[in-house]
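Undergrad: Just so you know, we're using numbering that gives the first Met the number 0 here: the sequence shown kicks off at 0 and counts up by one. Each residue gets a CB set at the ideal place from its N, CA and C atoms; glycine is no exception. Predicted model, so just to flag it, every value in this text is computed and none were measured. Would you mind keeping the following structure in view while I ask a few things?
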Amino acid sequence: MNLVDDPRSAPSLKWGILGPGGIAGVFAEAVLGHTRSQIVAVGSRDYDRAERFATKYSVPTTHEGYERLVADPQVEAVYVASPHSEHLEHALLAIRAGKHVLVEKAFARSATEAQQLANAAREAGVFCMEAMWTRFLPHVAVLRGVLARGEIGEIISLSADHGQWFAVGPEHRLLNPLLAGGALLDLGVYPASFAHDLLGVPTAVHANGQLTETGVDGQVAISLEYEGRAQALLSTTLWAKTPTTAHISGTDGRIEVAGDFYRPTSFRVVRRDGSEWTFDRPVDGGFQFQAAEVARRVAEGATESPRITLDNSIEVLRTLDSIRAQVGVVYPGE
């Protein structure tokens, strides 16, 4: 049973953090605690905020403004952790400065923006990847092996949900259309990317949902169709903490992924003949696996990861674009 490589075996990479928010803190803890890489600089429009982050995580250099961060010669790769609405601008800033880039999910607001990022990264010859950390986790690697061996036969259906309850006001990034808020880009991207990873690009997308008072998607139910008999049923909501589990059912059995399916977790394989087994190997953190992937690919001179190529990220956003259109969400400036 193959697991992913130990993140500590990856080469060292010098990171700069663009946007010192909560998700950047999770990334910093994982990199510093579980890899050989370093965080050498942090940048924010708010210098005090960046300084607090630098103090907490012992980052040696603080920059006021993102231009200074990407221009810092000691920074080899930039982790873009700003709101979805800013991903395109900030990632382009880093790419044009010749830096490798890891962009928080969702990769951009739309497939059009994602294509712009991909084009820029390819032209510059730098590594660029969406920070869809789930694809690099041990349980997903083992799960993919189960499917590849045909242990549950032909996949017939996949289901996955991601719902969280948030006590936030209308100005918060999750509800603010100016910041590309809504359930889809923040939460729904996980089940959508999971379905893309295991089933590929859907041939048809069906969705319905409800909007928040601010006009972003608060809740969405999604059905994806594929060539053959496979289908995916996905859901996401900002209004309730759902089980956040995933199930893959095939002609010879099923896989039950425990919540939260997108984090390090366990799964159970139940075969039609009555036999079953469980994968359960606890992992501390989780972001270290994607950080290690970037370090390895950069060291070998690659500009993309085969686990989530730039085209993969564009395809997922194309699906999310279709869902948003059907639900009736349009971001300012689109």
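How far does the alpha helix (DSSP H) with ASN175 in it reach, from first residue to last?
TA: Position 176 of the sequence shown, counted from the start, is the residue given in the question as residue 175. Segment: none, ASN175 is in no alpha helix (DSSP H) and carries neither H nor E.
Undergrad: Among all the DSSP beta bridges, which residues are the ones paired with PHE278?
TA: Locating residue 278 in the sequence shown gives position 279, where the first residue counts as 1. According to DSSP, PHE278 bridges with PHE266.
Undergrad: State yes or no: is the C-beta of ILE155 within less than 8 Å of the C-beta of LEU146?
TA: For the purposes of this step, residue 155 is taken as residue 156 along the sequence shown, with counting starting at 1. For the purposes of this step, residue 146 is taken as residue 147 along the sequence shown, with counting starting at 1. With respect to LEU146, ILE155 sits apart: the two C-beta atoms are not nearer than 8 Å.
Undergrad: Does the region 271-290 come within contact of the region 124-136, defined as at least 3 CB pairs closer than 8 Å?
TA: yes
Undergrad: Which residues bound the alpha helix (DSSP H) around ASP196?
TA: In the sequence shown, counting from the first residue as 1, residue 196 sits at position 197. First-last of the alpha helix (DSSP H) with ASP196: 188-198.
Undergrad: Report all residues from its chain with a CB closer than 8 Å to the CB of LEU91; omit the five preceding and five following residues, and keep chain order.
TA: Position 92 of the sequence shown, counted from the start, is the residue given in the question as residue 91. So the list reads GLN115, LEU116 and ALA119, once near-sequence residues are dropped.
Undergrad: Since I believe LYS104 is in contact with GLU129 (beta carbons under 8 Å), could you give me their beta-carbon distance rounded to a whole number of angstroms?
TA: The residue labelled residue 129 in the question sits at position 130 within the sequence shown. The residue labelled residue 104 in the question sits at position 105 within the sequence shown. Sure, about 6 Å apart at Cβ, within 8 Å.
Undergrad: Cβ of ALA294 within 8 Å of Cβ of SER36?
TA: Walking along the sequence shown from the start, residue 294 turns up at place 295. Walking along the sequence shown from the start, residue 36 turns up at place 37. Taking 8 Å as the Cβ cut-off, ALA294 and SER36 qualify as a contacting pair.
Undergrad: So, for GLY217: in the same chain, excluding its five sequence neighbours on each side, which residues have a beta-carbon less than 8 Å away from its beta-carbon?
TA: Taking the first residue of the sequence shown as 1, we reach residue 217 at position 218. These residues qualify, in order along the chain: GLY181, ALA182, GLY208, GLN209, LEU210, THR211, THR236, LEU237 and TRP238.
Undergrad: Thinking C-alpha only, which one of TRP14, GLY32, TYR225 and MET131 is nearest ALA107?
TA: Walking along the sequence shown from the start, residue 107 turns up at place 108. Residue nearest to ALA107 within the set TRP14, GLY32, TYR225 and MET131 is MET131 (criterion: CA-CA distance).
Undergrad: Let me know the secondary structure DSSP gives LEU184 once reduced to three states.
TA: As a position in the sequence shown, residue 184 is number 185, starting the count at 1. Three-state DSSP puts LEU184 in a helix.
Undergrad: Out of PRO305, ASP251 and GLU314, state which residue places its alpha-carbon closest to the alpha-carbon of ARG148.
TA: Position 149 of the sequence shown, counting from 1, holds the residue named residue 148. Among PRO305, ASP251 and GLU314, the Cα nearest to that of ARG148 is on ASP251.
Undergrad: Which value, in whole angstroms, describes the spacing of the CA atoms of HIS33 and ARG67?
TA: As a working mapping, residue 33 is identified with position 34 in the sequence shown. As a working mapping, residue 67 is identified with position 68 in the sequence shown. One C-alpha to the other measures close to 28 Å.
Undergrad: So PRO242 packs on ASP160, CB below 8 Å; how close in whole Å?
TA: Reading the sequence shown from its first residue, position 243 is the one you call residue 242. Reading the sequence shown from its first residue, position 161 is the one you call residue 160. That belief holds up - the Cβ atoms of PRO242 and ASP160 are roughly 7 Å apart, short of 8 Å.
Undergrad: Tell me GLU78's beta-bridge partners as DSSP assigns them.
TA: On the sequence shown, residue 78 is found 79 positions in, with the first residue counted as 1. The question names Glu, but residue 78 is Tyr in the sequence shown. Per DSSP, ILE16 and LEU101.
Undergrad: Just tell me which of GLY21, ALA166 and ALA194 has its CA closest to the CA of ILE247.
TA: The residue you call residue 247 lines up with position 248 of the sequence shown. For ILE247, the nearest C-alpha among the options comes from ALA194.
Undergrad: Mind checking SER304: buried by the 16 CB within 10 Å criterion, or exposed?
TA: As a first step, residue 304 must be located in the sequence shown, where it is residue number 305. SER304 is buried by the Cβ-count criterion.
Undergrad: For MET128, which beta-bridge partners are listed by DSSP?
TA: One-based indexing of the sequence shown puts residue 128 at position 129. Bridge partners of MET128: LEU101.
Undergrad: In the DSSP output, what is ASN207 paired with across the bridge?
TA: Numbered from its first residue, the sequence shown carries residue 207 at position 208. Its beta-bridge partners are ALA220.
Undergrad: For ALA159, which residues does DSSP report across the bridge?
TA: One-based indexing of the sequence shown puts residue 159 at position 160. Answer is LEU233 and ALA245, bridged to ALA159.
Undergrad: If you follow the alpha helix (DSSP H) that SER321 is part of, which residue opens it and which one closes it?
TA: As a working note, residue 321 is residue 322 in the sequence shown. Taken as a continuous stretch (DSSP letters only), the alpha helix (DSSP H) holding SER321 covers 309-326.
Undergrad: Given this structure, state the Cα-to-Cα distance separating SER274 from GLU150, to the nearest angstrom.
TA: To locate residue 274, count along the sequence shown from 1; it is residue 275. To locate residue 150, count along the sequence shown from 1; it is residue 151. Cα to Cα, SER274 sits roughly 11 Å from GLU150.
Undergrad: Return the CA-CA distance between PRO72 and VAL41, expressed in angstroms with no decimal places.
TA: Here residue 72 refers to the residue found at position 73 when the sequence shown is read from its first residue. Here residue 41 refers to the residue found at position 42 when the sequence shown is read from its first residue. Each residue's alpha carbon lies about 13 Å from the other.
Undergrad: How big is the Cα-Cα spacing for ILE322 and PRO59?
TA: In the sequence shown, residue 322 corresponds to position 323, counting from 1. In the sequence shown, residue 59 corresponds to position 60, counting from 1. Whole-angstrom Cα-Cα distance: 43 Å.
Undergrad: How far does the alpha helix (DSSP H) with HIS83 in it extend, from its first residue to its last?
TA: Position 84 of the sequence shown, counted from the start, is the residue given in the question as residue 83. Here HIS83 belongs to no alpha helix (DSSP H), and DSSP marks it neither H nor E.
Undergrad: Taking the beta carbon of ALA166 as the centre, do at least 16 other beta carbons fall within 10 Å, making it buried, or is it exposed?
TA: Locating residue 166 in the sequence shown gives position 167, counting from the first residue. Exposed, by the Cβ-count rule.
Undergrad: Determine the extent of the alpha helix (DSSP H) in which ALA23 is found, giving its start and end residues.
TA: Against the sequence shown, residue 23 aligns to sequence position 24. Segment 21-33, the alpha helix (DSSP H) holding ALA23.
Undergrad: Have a look at ALA9, ARG296, ARG95 and ALA179 and flag the residue whose alpha-carbon is nearest the alpha-carbon of PRO82.
TA: Here residue 82 refers to the residue found at position 83 of the sequence shown. Of the candidates ALA9, ARG296, ARG95 and ALA179, ALA179 places its Cα closest to the Cα of PRO82.
Undergrad: May I ask you to report which of helix, strand or coil DSSP gives ILE254?
TA: For the purposes of this step, residue 254 is taken as the residue at position 255 of the sequence shown. Three-state result, ILE254: strand.
Undergrad: Can you tell me whether DSSP reads SER109 as helix, strand or coil?
TA: The residue labelled residue 109 in the question sits at position 110 within the sequence shown. Of the three classes helix, strand and coil, the one that applies to SER109 here is coil, per DSSP.
Undergrad: What does the alpha-carbon distance come out to for the pair THR244 and SER192?
TA: As a position in the sequence shown, residue 244 is number 245, starting the count at 1. As a position in the sequence shown, residue 192 is number 193, starting the count at 1. Approximately 14 Å, taken between the alpha carbons.
Undergrad: Can you give me the C-alpha to C-alpha distance between LYS13 and ASP47, rounded to a whole angstrom?
TA: Translated into the one-based positions of the sequence shown, residue 13 becomes position 14. Translated into the one-based positions of the sequence shown, residue 47 becomes position 48. Taking the straight line joining both Cα atoms gives about 22 Å.
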